[in-house]
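Undergrad: Under the working numbering, the letters of the sequence shown match residues 50 to 271, in that order.
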Amino acid sequence: MFRKDACHYYRAIPLEGFQWLEHGFGTHDSHPRPGHWEVASLRQVHSDRVVVVDGAAGRLGPGDALITDRPGCLLQVHTADCLPILLVDERRRAVAAIHAGWRGTAAGIAAGAVQRLCAELACHQRDLHAAIGPGIGACCYEVGSEVARQFQGFFPGLATAGRRVKLDLLEANCLDLTGAGLQPDRIYRAGLCTCCRPGEFHSWRRDGPGAGRVLSVVGIRP
């Protein structure tokens, strides 16, 4: 369901039919996207804060999700194990880019971005597609009970005192998106674990605080 393009970005194949859409999930080897873009990004803080890009682009302060319907504006998020999530409204031609770490996921940032798209840009859940890019898989993401307890709403009974458990951030975000009204068959999963694939992706869990970041982007072509 995903393929790598000439710029070494993974693209969700179901989104490639939208000729107006630019999107991709980066790797170690990704090149800048072609074309002339205004770029919008955030100081990512592992929150549930969603920022609407309706004026000047640039670095728009703290937050972890961006939404826009402005042609020519490329939304960017940077990740190294956290999940990059791109939302696309096929009717309104509106988009969102989300950085979903465990804190943002537990706080419902994916659902929050859906809600802001609907409230601010007149989107409807039935028109939305979600592509979830490479991030740490449950195979490699072991957490303590203090973190696991914050996912009881997604996975009842996950946390057991004193035990470490495998946390599935991908599934948690899929549940968050379906709970927000997206159709399950419009949620596309890359299913690529960043920790397992050192030849393609940076990983904080694998490489520590010195790990690099990969770039994921989405925008409406001018």
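Ideal placement from N, C-alpha and C gives every residue a C-beta, glycine not left out.
Can you name the start and end residues of the beta strand (DSSP E) that R108 belongs to?
TA: G107 to P111 is the span of the beta strand (DSSP E), which, as asked, contains R108.
Undergrad: With a threshold of 8 Å, are at least 3 pairs of Cβ atoms found where one atom belongs to the segment 222-238 and the other to the segment 85-104?
TA: Short answer: they don't touch.
Undergrad: Over the uninterrupted beta strand (DSSP E) stretch that includes A61, give me the two end residues.
TA: Residues Y59 to A61.
Undergrad: Out of L135, P183 and E220, state which residue places its alpha-carbon closest to the alpha-carbon of A239.
TA: Of L135, P183 and E220, the residue nearest in Cα terms is P183.
Undergrad: Taking buried to mean at least 16 other C-beta atoms within 10 Å of its own C-beta, is A171 buried or exposed?
TA: Exposed, because fewer than 16 other Cβ atoms sit within 10 Å of the Cβ of A171.
Undergrad: Could you pull the DSSP bridge partners for D138 from this structure?
TA: Partner(s): A143 and L177.
Undergrad: Should the segment 182-196 be regarded as contacting the segment 160-168, the criterion being three or more beta carbon pairs within less than 8 Å?
TA: Contact between the segment 182-196 and the segment 160-168 is absent, because fewer than three Cβ pairs lie under 8 Å.
Undergrad: Please tell me whether P120 and V126 are closer than 8 Å, where the distance is taken between their beta carbons.
TA: Not a contact, by the Cβ cut-off of 8 Å.
Undergrad: If you reduce the DSSP assignment to three classes, tell me which class C223 lands in.
TA: In the structure shown, C223 sits in a helix (DSSP, three-state: H, G or I).
Undergrad: Kindly indicate which three-state DSSP category S194 falls into: helix, strand or coil?
TA: It is helical.
Undergrad: Could you check where the beta strand (DSSP E) with V102 kicks off and where it finishes?
TA: Where V102 is concerned, there is no enclosing beta strand (DSSP E), given that its DSSP letter is neither H nor E.
Undergrad: In the structure shown, what three-state DSSP assignment does F200 receive?
TA: It is helical.
Undergrad: Identify every residue that forms a DSSP beta bridge with H72.
TA: V267, per the DSSP bridge assignment.
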